[in-house]
Amino acid sequence: MSRDIRYSVVIPVYNEEVVLAQTYQRLKKVMSSTGESYELIFVNDGSSDHSAALIKEYCDCDLSVKLISFSRNFGHQIAITAGMDYAKGAAIVVIDADLQDPPEFILEMIAKWKEGYEVVYAKRRHRSGETFFKKQTAHLFYRLLRASTEIDIPVDTGDFRLIDRKVCDVLKQMPEKNRYVRGLVSWVGFRQTAVEYDRDPRLAGESKYPLKKMIKLCLDGLTSFSLKPIKLASYSGGAFIIIGLAYLVFLALAKLSGGLVSGWNLVLSNVWLLTGLILTMMGIMGEYVGRIYDEARNRPLYIVGESYRSEEKERSVIK
Ligand code: UDP
Ligand code: MG
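In full-length UniProt numbering, the protein residues as written are 1 to 319.
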């Protein structure tokens with residue numbers, strides 16, 4: 001594999017014909033200003049418009065442009081993954097095609113990378129031009145995800161980021177299907193830093209993330225990095241058992257003090273107890289399912305950042 005290329009820019013594209021020309025021009029300008037070699041990898045995620053034909057035109061007159069075209073729409077996260085698989089650069093930048101993420105910002109990311117950071121992610125300070133609903137649901141989702149997982153997944157951060165070749169190679173070893181790429185990038189560790197930016201409105205066209213895709217992304221994020229939902233069954237089961245027992249004790253005390261305890265009261269306490277038992281058993285099964293899920297995802301057990309032997313008087317970085 002040729003490692004001559006310094007930067008790979010991965011651009012997922014789904015029906016973006018109205019913005020592509022501008023995206024290409026701006027990216028080309030920014031990347032050539034680095035004075036180093038680069039490639040622009042457009043991943044056409046099954047567009048039904050002329051996106052692919054346009055990118056082919058850029059390919060014909062610009063050797064730094066590459067096109068990977070999916071046979072159908074596989075989704076944003078898979079498109080990013082494919083781009084990373086094909087990227088040859090020493091640093092890989094992922095950027096949306098709609099110019100909501102300003103390409104000029106890549107230079108700042110590169111500067112951070114040169115300082116030694118292996119992941120530079122762009123954190124949104126403001127998001128303009130998006131609906132109230134989108135902003136609020138995104139705000140809530142990032143915080144919910146953060147609260148339910150032990151991994152430090154930064155809030156208000158999309159897929160606009162730069163990753164080092166080392167990080168990219170590690171991501172390629174993670175074969176899980178329902179991918180939440182930004183979570184995986186946090187999971188792998190390495191030296192990470194943020195740069196803040198204001199998210200622009202979409203240049204043209206509409207968001208390709210309808211509610212259905214947003215819910216899928218949200219579920220992928222939550223289920224890939226948290227077992228808390230599965231633990232809900234055990235917690236609520238425990239609570240039901242306690243309520244059932246407390247009610248039974250209350251009934252016994254009422255009976256002892258000469259009160260009237262009907263069969264109906266006993267049935268109710270039994271309902272609480274049995275529901276609690278069933279939920280607890282489901283929770284226990286959930287723990288096993290969680291472990292099976294952990295095994296099935298097949299993530300690497302550990303990731304070596306670098307290894308060091310003092311005799312060598314030099315650092316060798318293990319991929
Ligand atoms: N995208 C994609 N496949 C999809 C949906 C979106 O490759 O199924 C691309 C899209 O072309 C864009 C990026 O992913 O480059 C982000 O999508 P969009 O701007 O529609 O999302 P939003 O910014 O509204 O969250
Ligand atoms: Mg967008």
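In this text, a Cβ means the ideal position worked out from N, Cα and C, and glycines have one as well.
Of the listed residues the options, nearest to residue i (C-alpha basis)
i, options, result
"TYR302", "SER32, ALA254, TRP187 and ILE241", "TRP187"
"VAL18", "GLU104, LEU54 and HIS126", "LEU54"
"ASP85", "GLU16, ARG125 and ILE68", "ILE68"
"MET62", "LYS29, VAL181, VAL94 and ILE78", "The residue asked about is misnamed: residue 62 is Asp in this sequence, not Met. With distances taken between Cα atoms, ASP62 lies closest to LYS29."
"residue 320", "GLU36, GLY259, LEU248 and LEU277", "Absent from the structure is residue 320, since the part of the chain shown begins at 1 and ends at 319."
"ALA87", "GLU295, ILE163 and LYS208", "ILE163"
"ASN73", "VAL195, VAL43 and GLY183", "VAL43"
"TYR142", "GLN173, MET109 and THR157", "THR157"
"TYR293", "ILE241, GLY276, LEU260 and ASN178", "ASN178"
"ASP159", "TYR197, ILE95, GLY258 and ILE151", "ILE95"
"GLU130", "HIS50, HIS139 and PRO201", "PRO201"
"LEU107", "LEU27, ALA204, TYR180 and HIS76", "LEU27"
"PRO175", "ASP60, VAL304 and GLN77", "GLN77"
"TYR180", "ALA254, ILE215 and LYS56", "ILE215"
"SER236", "MET282, GLY259, ALA204 and VAL261", "MET282"
"SER148", "LEU219, LEU20 and TYR288", "LEU219"
"ALA246", "LEU266, SER48 and ARG299", "LEU266"
For residue i, the three-state DSSP class (helix, strand or coil)
i, result
"PHE42", "strand"
"PRO12", "strand"
"PHE160", "strand"
"GLN192", "strand"
"ASP200", "coil"
"LEU273", "helix"
"ARG6", "coil"
"SER307", "strand"
"SER236", "helix"
"ASN265", "helix"
"TYR302", "coil"
"LEU20", "helix"
"MET1", "Caution applies to MET1, whose pLDDT of 46 falls short of 50 and renders its modelled position unreliable; the value that the coordinates give is listed next. Three-state DSSP puts MET1 in coil, outside helix and strand."
"SER224", "helix"
"PRO229", "helix"
"PHE260", "For the record, residue 260 in the displayed sequence is Leu; it is not Phe. The answer is coil: DSSP assigns LEU260 none of H, G, I, E or B."
"LYS208", "coil"
Where residue i falls, given that 16 or more other Cβ within 10 Å makes a residue buried
i, result
"SER33", "exposed"
"VAL185", "buried"
"PRO229", "exposed"
"GLU115", "exposed"
"VAL155", "exposed"
"SER2", "Residue placement at SER2 is flagged as unreliable, the pLDDT there being 49, under the threshold of 50; the coordinate-derived value follows with that caveat. Exposed, since its Cβ has fewer than 16 Cβ neighbours within 10 Å."
"ASP169", "exposed"
"GLU306", "exposed"
"GLY244", "buried"
"SER128", "exposed"
"ILE284", "exposed"
"ALA252", "exposed"
"ALA52", "buried"
"LYS212", "exposed"
"GLN103", "For the sequence presented, residue 103 should be read as Pro rather than Gln. Buried is the call here."
"LEU279", "buried"
"TRP272", "buried"
"GLU295", "exposed"
"ALA239", "exposed"
Assumed close pair residue i, residue j - CB separation to whole angstroms, cut-off 8 Å
i, j, result
"VAL119", "PHE225", "That pair is no contact at about 16 Å."
"VAL65", "LEU99", "No, VAL65 and LEU99 are not in contact; Cβ-Cβ is about 17 Å, not under 8 Å."
"ILE80", "TYR38", "18 Å between Cβ atoms; not a contact."
"LEU145", "LEU222", "6 Å"
"PHE105", "ALA122", "6 Å"
"TYR24", "TYR58", "5 Å"
"ALA97", "ILE11", "5 Å"
"GLY46", "SER8", "In fact, because the Cβ distance is near 22 Å, the residues do not count as touching under 8 Å."
"VAL276", "ILE241", "The question names Val, yet the displayed sequence has Gly at residue 276. That belief holds up - the Cβ atoms of GLY276 and ILE241 are roughly 3 Å apart, short of 8 Å."
"ARG124", "TYR197", "7 Å"
"LYS112", "THR193", "6 Å"
"ARG199", "HIS126", "7 Å"
"GLY290", "LEU227", "5 Å"
Every unbroken beta strand (DSSP E) inside the segment 29 to 104 [3 residues or more]:
38 to 44, 65 to 69 and 91 to 94
Unbroken stretches of the beta strand (DSSP E), 3 residues or longer, contained in the segment 102 to 183
119 to 127 and 157 to 164
For the segment 275 to 299, which segments carrying the beta strand (DSSP E) assignment without a break, of at least 3 residues, lie completely within its bounds, in sequence order?
none
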